[in-house]
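Asks:
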Amino acid sequence: MAGERQADRPRRDHRLEKLRASGPNGSAVRARADSDGLRQNAILDCGWGRLVFGQTFADPRELANSLREEGPDRRDIAFYVKDPHVLLSHAPQELFLDPSHTYRLDLSTYKQGNRRPRGFFIRRLASEEDATEVNRIYQSRGMVQVHPAFFWSNRDNRALTYFVAEDETTGAILGTVTGVHGKRAFGDPENGSSLWCLAVDPQATHPGIGESLVRRLAEHFQARGCAFMDLSVMHDNDKAIALYEKLGFVRVSYFTIKRKNEINEKLFTGPNDDYEGLNPYARIIVDEARRRGIHTEVVDAAGGFFRLTHGGRTVLCRESLSELTTAVAMSICDDKTVTRRLVEAAGVRVPEQIPAGSDDEAVAAFIEKHGQIVVKPARGEQGRGISVGIESLEDAKAAIEAARKHSETVLLEACFQGDDLRLIVIDYRLVAAALRKPPVITGDGRSSIRELIEHLSRRRSAATGGESKVPMDAETERCVRQSGHGMDDVPEEGERITVRKTANLHTGGTIHDVTGDIHPALVEAAVAAARAIEIPVTGIDLMIKSPALPDYVFIEANERPGLANHEPQPTAERFVDLLFPLSVPFSVRAARSQQQRSRRED
């Protein structure tokens, strides 16, 4: 992520100014002007916090006081600080030197790129719906969100510029960037500009979204006569730094100061090797526990094991699997045939299924009856060994052999035409629901399918911390073949090819939150399945026609679902609620009790 966020003001009526800053329609720019036009003590409200222009403060004490006025759940940034050691001396317990580099692009020599975006385009932020999508991307990247009305109320602000990347086919917002015009923000005598809040949706599959956003902003400021464009980037963000250097940015010696708060905690407390070794699925739970004051102990970071202690109670966990899930429930989830029998007995709809024996005629008859089938190991996880959309005996036999590498027992299942839905059920309540979509490549008219898959895998791996990539195996080759292509074919520009039929994250799939759109019948099926297994935390997989329709078939239950895949839904919060009910604030517990009483009365 390039650039972060912050800024505010010298001493006046602080209460009035904080009220204005807290709402979406407050004045974005605040400063006093010198006779030469350079504004003194200049501050720009960016919605996520305030950008404080350090070079406009003559007195470092006033700059320190401005940073002290940071609002709750906001991140202020003092940028262009000339003497950071002097500023820190005025508030050493409250401020810290941000471990970021400043990079500058000389707009007088910048040359526009020759390649145009493929599959998406860059435009101005145009509505509050755009703003809501930008916030979704911010949250997925761990960034501070902005009141949607702030974007809209500042759409004509000449100091702030917002661009978004939009998918040409779906209209989805794929990325965003914010620009600041220096002269309009604080009367910059150098006529500079800066880039902030560059963020790309981690589920986006198009290449070059970040680069296109940076270039569009640079060209925007270049056309307005700006001399340069600066940005701030974390010193260890190697991928972002490589992009900026590729575009011609060079390091410059400016410093950034921030206030010590919960948002910035990782930047000023130093690394904790135990916590840093945790994967995202364990880390999201540990972070939530620590926020509540629950003692956390990492038992084995590589395996995702940690121990939580609160109020005399200790629970050992492996990611979302805890001691509250019994060995019996785990063994049920482990064997898909047993899972199927139990949930079917509970009234949950399941697809027709037979074991894969040595009788080719039985396999052929099953394919003929259903048209397409699914071949999968009876035991396994993360989509390994699963083949979807099998239409011939030859492909079925190859898929059965692949599945047997993961389990001696292999199952043949009727293929339900629809989308893959994951529902997170905690304490027998739905917490999150997400469509899982298989990996798709888009032709550029130059690259082979093999190269496009490799590019997609690199992007998915970078976006998920190495969790997601498309395997180059026989199943991928079969799916490509089914589309009428070979791995070395060069598809036409814009042609979309599904290269894997399964939608698992670990095989390159993407995840799209649909919690607010779920039909009650799907919720009832997921809860009924969880109760049949008697498992308190689970990920229930259904195949569906649409999240808004009641049609479904049950696929499987997962005893250790990845809670980090379902942000912004409160999966980690509900998991910790289950383990330690008394860690929930009393006011929240009281409100929930009232809601439950109201439901019973209704």
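Mind the numbering: the sequence shown is residues 1 to 602 in full-length UniProt numbering, read in order.
Glycine included, each C-beta is placed from N, C-alpha and C at the ideal position.
Just so we're clear, the structure is a prediction, and the values are computed from it rather than from any experiment.
By Cβ distance, which residues of its chain are closer than 7 Å to residue 569, with the 5 residues on each side in sequence left out?
Replies: Here the question's residue 569 lines up with position 569 in the sequence shown. Correct list, in chain order: 431, 432, 513, 515.
Asks: Around the Cβ of residue 129, are there at least 16 other Cβ atoms within 10 angstroms (buried) or fewer (exposed)?
Replies: Translated into positions along the sequence shown, residue 129 becomes position 129. Exposed: under 16 other Cβ atoms inside 10 Å.
Asks: Does the beta-carbon distance from residue 201 to residue 174 come in below 9 Å?
Replies: Residue 201 sits at position 201 when you count from the first residue of the sequence shown. Residue 174 sits at position 174 when you count from the first residue of the sequence shown. Closer than 9 Å, so yes.
Asks: Figure out for me which residue from 400, 96, 208 has the closest Cα to the Cα of residue 269.
Replies: On the sequence shown, residue 269 is found 269 positions in, with the first residue counted as 1. The candidate whose alpha carbon is nearest that of residue 269 is 96.
Asks: On the three-state DSSP scale, how would you describe residue 125?
Replies: Here residue 125 refers to the residue found at position 125 when the sequence shown is read from its first residue. Looking at residue 125 - three-state DSSP - the assignment turns out to be coil, as it is neither helix nor strand.
Asks: DSSP on residue 142, reduced to helix/strand/coil?
Replies: Sequence index remark: in the sequence shown, residue 142 carries index 142 (1-based). Reduced to three states, the DSSP call for residue 142 is coil.
Asks: Which residues in the same chain have their Cβ closer than 7 Å to the Cβ of residue 57, if we skip the five residues on either side of it in sequence?
Replies: In the sequence shown, counting from the first residue as 1, residue 57 sits at position 57. Cβ within range, chain order: 41, 63.
Asks: Provide the residue span of the alpha helix (DSSP H) that contains residue 152, from first to last.
Replies: Residue 152 sits at position 152 when you count from the first residue of the sequence shown. Looking at the DSSP string, the run of the alpha helix (DSSP H) that includes residue 152 is 148-153.
Asks: Distance, Cα to Cα, residue 484 vs residue 368?
Replies: For this step, residue 484 is matched to residue 484 along the sequence shown. For this step, residue 368 is matched to residue 368 along the sequence shown. Whole-angstrom Cα-Cα distance: 22 Å.
Asks: Out of 337, 365, 262, 395, state which residue places its alpha-carbon closest to the alpha-carbon of residue 474.
Replies: Counted from its first residue, the sequence shown places residue 474 at position 474. Nearest of 337, 365, 262, 395 to residue 474, Cα basis: 395.
Asks: Throw me the rounded Cβ distance for the residue 94 and residue 260 pair, which I believe falls under 8 Å.
Replies: For the purposes of this step, residue 94 is taken as residue 94 along the sequence shown, with counting starting at 1. For the purposes of this step, residue 260 is taken as residue 260 along the sequence shown, with counting starting at 1. With a Cβ gap of about 6 Å, residue 94 and residue 260 count as contacting.
Asks: Please classify residue 417 as buried or exposed, where buried requires at least 16 other C-beta atoms within 10 Å of its C-beta.
Replies: Along the sequence shown, read from residue 1 onward, the residue named residue 417 stands at position 417. Answer is exposed; the Cβ neighbour count stays below 16.
Asks: Give the list of continuous beta strand (DSSP E) stretches no shorter than 3 residues that lie fully inside the segment 518-589.
Replies: Qualifying beta strand (DSSP E) stretches, in chain order: 537-544, 552-558.
Asks: Can you tell me the Cα-Cα spacing of residue 207 and residue 120, whole angstroms?
Replies: Taking the first residue of the sequence shown as 1, we reach residue 207 at position 207. Taking the first residue of the sequence shown as 1, we reach residue 120 at position 120. Distance between the alpha carbons of residue 207 and residue 120: 10 Å.
Asks: Enumerate in chain order the residues of its own chain whose CB-to-CB distance from residue 294 is below 8 Å, with the five nearest sequence positions on each side excluded.
Replies: Counted from its first residue, the sequence shown places residue 294 at position 294. So the list reads 308, 309, 310, 576, 580, 583, once near-sequence residues are dropped.
Asks: Between the C-alpha atoms of residue 147 and residue 559, what's the straight-line distance to the nearest angstrom?
Replies: Residue numbering aside, residue 147 sits at position 147 when the sequence shown is read from its first letter. Residue numbering aside, residue 559 sits at position 559 when the sequence shown is read from its first letter. Whole-angstrom Cα-Cα distance: 36 Å.
Asks: At which residues does the alpha helix (DSSP H) containing residue 65 begin and terminate?
Replies: Within the sequence shown, numbered from 1, the residue matching residue 65 stands at position 65. Segment 60-68, the alpha helix (DSSP H) holding residue 65.
Asks: Which residues in the same chain have their Cβ closer than 8 Å to the Cβ of residue 241, if we skip the five residues on either side of it in sequence?
Replies: Position 241 of the sequence shown, counted from the first residue, corresponds to residue 241. Excluding residues within five positions, the ones whose Cβ falls inside 8 Å are 101, 103, 233.
Asks: Do you know whose CA, among 537, 193, 388, lies nearest residue 507's CA?
Replies: As a first step, residue 507 must be located in the sequence shown, where it is residue number 507. Closest option to residue 507, Cα to Cα, is 388.
Asks: In angstroms, rounded to a whole number, what distance separates the CA positions of residue 468 and residue 460?
Replies: Looking up residue 468 in the sequence shown gives position 468. Looking up residue 460 in the sequence shown gives position 460. Distance between the alpha carbons of residue 468 and residue 460: 5 Å.
Asks: Classify residue 495 as helix, strand or coil using the three-state DSSP reduction.
Replies: One-based indexing of the sequence shown puts residue 495 at position 495. DSSP places residue 495 in coil when its eight states are reduced to three.
Asks: Can you grab the Cα-Cα spacing for the pair residue 188 / residue 258, in whole Å?
Replies: Position 188 of the sequence shown, counted from the first residue, corresponds to residue 188. Position 258 of the sequence shown, counted from the first residue, corresponds to residue 258. Cα to Cα, residue 188 sits roughly 22 Å from residue 258.
Asks: Do you know offhand how far residue 214's Cα is from residue 340's?
Replies: Position 214 of the sequence shown holds residue 214. Position 340 of the sequence shown holds residue 340. Cα-Cα distance, rounded: 50 Å.
Asks: Could you tell me the boundaries of the alpha helix (DSSP H) in which residue 159 lies?
Replies: Looking up residue 159 in the sequence shown gives position 159. Neither: residue 159 is in no alpha helix (DSSP H) and is coded neither H nor E.
Asks: In chain order, what residues of the same chain lie with their CB nearer than 7 Å to the CB of residue 332, ignoring the 5 residues before and after it?
Replies: Position 332 of the sequence shown, counted from the start, is the residue given in the question as residue 332. Cβ within range, chain order: 338, 339, 342, 533.
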